[in-house]
Every structure is written in C-alpha cells, then in structure tokens.
Amino acid sequence: MQRMHSQNAKGPVVVYGATGHTGRFIVEELLRRGHAPVLCGRDVTKLAAMARAHPGLVCHVAEVDDAAALDRTLRGASAVINAAGPFLDTTVPLMEAALRGGAHYLDTSAEQRAALAVFEQDGAAREAGIVAMPSVAFYGAFADLLATALMGDWPDADAIDIGVGLDGWRPTRGTRITGERNHGPRWIVRDGALLAIPDPAPTRQWQFPSPLGTQDTVMLSLSEIVAIARHLRCPSVRAYMNLAPLRDLRDPRTPAPVPADERGRSSQRFVLDVRVRRGDVTRRAWAQGRDIYAVTAPLIVEALERVLAGDVAGAGAWSAGEAFDARGFLQALSPEHFVVTFDEETSEGRRRA
Ligand SMILES: NC(=O)c1ccc[n+]([C@@H]2O[C@H](COP(=O)([O-])OP(=O)(O)OC[C@H]3O[C@@H](n4cnc5c(N)ncnc54)[C@H](OP(=O)(O)O)[C@@H]3O)[C@@H](O)[C@H]2O)c1
C-alpha cells in the first residue's frame, strides 16, 4: 500500500462549486468545524458575493477545462471537494488536477459513471499518494456506509436492498441538469456482476418506518450500487425509491428547495432503509433525517477529516464504506444530522441491535 503524501497535509481545503446549493452547505460545515476553505468555481460574480459574506476566505475563479487555473487553485491544497455537477462534466478535470497537485479528491456525485471514473483512477491515485473518494453524499456513501455497518462480521451476503423514501423532492437546478445529462445505462448488481437495470424498471412495495409506511417504489440505482459493488461480496445489490419524489422531480413546475430551519435545511424528510440478508437472517438499518442536500455536507466533511487524519489505510481510490469504520462514522454524525436504527430479524424473531 502506498503511503499518503504529507507535503500538502496542512494546506487548505478547496471547495469547487462552492456557490452551488450543496457547495454552500459544505462551506458552512467546514467553517463550523474550524476550516478556512478556499472557495472556487467558474462564476466570478457568485464567488465575489460569497466572499463578501465570508471576509478572509480566499477565492479562485477556474473553469473546469482550464487546467492551469485549476493547478493554481490547488497548489499547496490538502484536498479538493468537488460539489459541481453534472459530474460527468467536472469529475475528470478536477480529479486530474488533484492528481497533479497531490491533493486528496472527494466529490458528491450521484452518477454511477462519474463514480466509476474515479474508481478507475485507483492506480494513479496511489502513484500520486492521494485518496480519491467519489459520491460522499446522500446518494452514494450513505447507503454504502449503512450496508457496510450491517455486514459487520459477515464475509459475504446473499442480497443487499436499499430503499430511499422521501416525503417530496424540490430539486435544485444542478439536480435537474444532472438528471438530463445522466441518460446513459444504469446498473445494479445481479449474479455478482454490474448489469443494466431491467427495462421497464421493476416496481415493488417497500415497508418504510413511519410516518412513510408502505409505499410503491421503483428500481432506481445511483452511485451507491457501484460503491458497494467495489468492496462488499454480494451477488445482488438493488436500490428502490418511492414514487412521490420522482413525480416532483419530473414536474418542471416543482420549485427549488427553500430553507425552513436555522441551519438552512428545507422541510424535506428522508429515510434511507438498507437491508442485508444472509441465509435466513436479515439485518436492517435505517437513517432518518432532514434535507438530502444539507445532510451531504456533514457526510463529506466527516470523510474529509478522516482522510486528513490518516484514517484511510493508504493512497488510492476508495468508497467511503470501504475506507472507514462504517459504524463509527455513522455514530459520529448521529443524532445531530440523522438518526440511525439497527435491527436484526431471524427465523426465531427480531431484535434491536
Ligand atoms: N449524491 C448526492 O446525494 C448529491 C447531493 C447533493 C448534490 N448532488 C449533486 O451535486 C451537484 C450540484 O448540486 P446542487 O444542488 O448544488 O446544484 P446547484 O445549486 O445548481 O449548483 C451546481 C454547482 O455546480 C456548478 N457547475 C455545474 N456545472 C459546472 C461546470 N461544467 N463547470 C463548473 N461548474 C459547474 C455550478 O456553477 P454555476 O453557478 O456557475 O452554474 C454550481 O456552482 C449535482 O450534480 C447534484 O446531483 C448530489
């Protein structure tokens, strides 16, 4: 295992896409934890406005296709958080700049192909002495961490099923554009291989905890599938989502999210319900919380701090579940950012774990 670079270890953290909806939550979380992030993006007007609100923070303007500007921005940085999507447009240039600059790379992608593009850079990340970690967000790392925590001492499992339940979804502009851009094939794990989702996508009922209860869901797989497939031994990994938020998403009249509490979170409620089955035992964990954009910030900043603290075994491309003590990671954010409940059901009955 390659050792990680130390030359930039004390350098600042760059947030690319800092002025986006999710980027702003990430910047606030970094500030709250005592970091002084470098704000970066392509829009000078938005960056200048953000800098006025945060005097003392350094700003850099850089287009993703301007390698020299990205290199200047990342010079001496310990890490870059890429919060600018569609990631099919931003992952590769930001990742390449991170490799050149010896800065760890983390992003919030939900697109499977973008996550795979980072995992494919495992060798280059080892060479450069950096950690590269895609999809450290609600879609991606969250289900990966829950599934990994559930696996515990099991060397393998028969099936991992993920249910995403939302009481509604007010999408950001970035979500809408990303959805339009992300029209390639999507994969689930079937018979131990990444295979295209059946067409039409299968539907099933899912028993979420209250208040959502029983919901009609449809198979919808995002980056958690490729993150889990990378390191957990399981021939079947599938994800489903309830229909109401998908209707919101498809309706062009659905407005963008609005802040509804002191932290700027919207009123959206989520439950992420993961079930791992091995033989006749099913382990289940569900996380309940508020605002899928806002919760992405503590997830990625917690990961960043663990990377900077040297908690990852070595340089290379990692999924969050693969890299960290998953249960400890989730506990560190609970109950402040979400509440996780663990449960186990056997043929003899069930017990709260
Ligand atoms: N995996 C998850 O659970 C999760 C959670 C949250 C967000 N996300 C993803 O994060 C991305 C951003 O979402 P958001 O809600 O923050 O959207 P947003 O508020 O619209 O912000 C998007 C940000 O990305 C920047 N951007 C977009 N394309 C770019 C490009 N080609 N070059 C440089 N900058 C670019 C935008 O810059 P301009 O302002 O200049 O346009 C803006 O700063 C989306 O892809 C979304 O799917 C994923």
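Using this note's numbering, read the sequence shown as starting at 51 and increasing by one per residue.
We treat Cβ as the ideally placed atom computed from N, Cα and C, and that holds for glycine.
By DSSP's assignment, N58 forms no beta bridge with any residue. When rounded, the separation of the alpha-carbon atoms in A294 and V214 is 11 Å.
Checking the 8 Å criterion, the Cβ of D116 is out of range of every heavy atom belonging to ligand 1. Residue environment for D241: exposed (fewer than 16 other C-beta atoms within 10 angstroms of its C-beta). Runs of the alpha helix (DSSP H) lying entirely within the region 323 to 394, each at least 4 residues long, are 346 to 358, 370 to 373, 376 to 383 in chain order. Per the C-alpha coordinates, the member of N292, V181, E312 positioned closest to S128 is V181. Burial is judged here by how many other beta carbons sit within 10 angstroms of a residue's own beta carbon; A193 has at least 16 and is buried.
Within the same chain, and ignoring the five residues on either side of T228 in sequence, the residues whose Cβ sits closer than 6 Å to its Cβ are G135, P136. For D115, same chain residues with a beta-carbon under 8 Å away, outside a window of 5 residues either side, are P143 in chain order.
Residue state for A207 is assigned as coil, using DSSP reduced to three classes.
The C-alpha of L80 is placed about 7 Å away from the C-alpha of V351.
At a cut-off of 8 Å, the beta-carbon of P87 does not count as near ligand 1: no heavy atom of the ligand is closer than that. By the C-beta density criterion, E161 is buried, having at least 16 other C-beta atoms within 10 angstroms. Relative to ligand 1, the nearest heavy atom lies less than 8 Å away from the CB of T158.
By the CB criterion at 9 Å, S159 and A370 fall outside the cutoff. When C-beta atoms of the region 230 to 244 are compared with those of the region 267 to 286, three or more pairs fall below 8 Å, so the two segments count as touching.
Judged by DSSP secondary structure, T228 falls outside any beta strand (DSSP E) and instead within the alpha helix (DSSP H) spanning 223 to 231. Across the structure, W256 and Q265 are spaced so that their CA atoms are roughly 5 Å apart. By the neighbour-count definition (other C-beta atoms within 10 Å, threshold 16), G399 is an exposed residue. At least one heavy atom of ligand 1 lies closer than 8 Å to the C-beta of P136. Closest option to L282, judged by alpha-carbon separation, among L216, P307, L244: L244.
Proximity of the region 150 to 157 to the region 116 to 125 meets the contact definition, three or more beta-carbon pairs being nearer than 8 Å.
Just measuring C-alpha positions, the residue of G360, H233, T222, R92 sitting nearest A306 is T222. The Cβ atoms of G106 and L97 do not sit closer than 9 Å to each other. Between the region 327 to 342 and the region 351 to 361 there are fewer than three inter-stretch CB-CB distances shorter than 8 Å, so the stretches are not counted as touching. Per the coordinates, the alpha-carbon of N58 lies some 15 Å from the alpha-carbon of A175. DSSP, reduced to helix, strand and coil, places A246 within a strand of the structure shown.
Assignment of G215 by DSSP, reduced to helix, strand and coil, places it in the strand class.
Under the three-state reduction of DSSP, I180 is assigned to coil, being neither helix nor strand. Looking only at A133, G378, V108, D301, the smallest Cα-Cα distance to T69 is reached by A133.
If only uninterrupted alpha helix (DSSP H) runs of at least 4 residues are considered, those enclosed by the region 235 to 313 are 273 to 281, 293 to 300. T141 sits in a helix when the DSSP states are folded into three classes. The Cβ neighbour count for H85, taken over all protein chains shown within 10 Å, is at least 16; the residue is labelled buried.
Excluding the 5 residues flanking it on each side, E395 has same chain C-beta neighbours closer than 6 Å at T332, in chain order. Residue side-chain check: G218 keeps its Cβ at 8 Å or more from all non-hydrogen atoms of ligand 1. With a cut-off of 8 Å on Cβ pairs, the region 315 to 327 is not in contact with the region 366 to 384, counting fewer than three such pairs.
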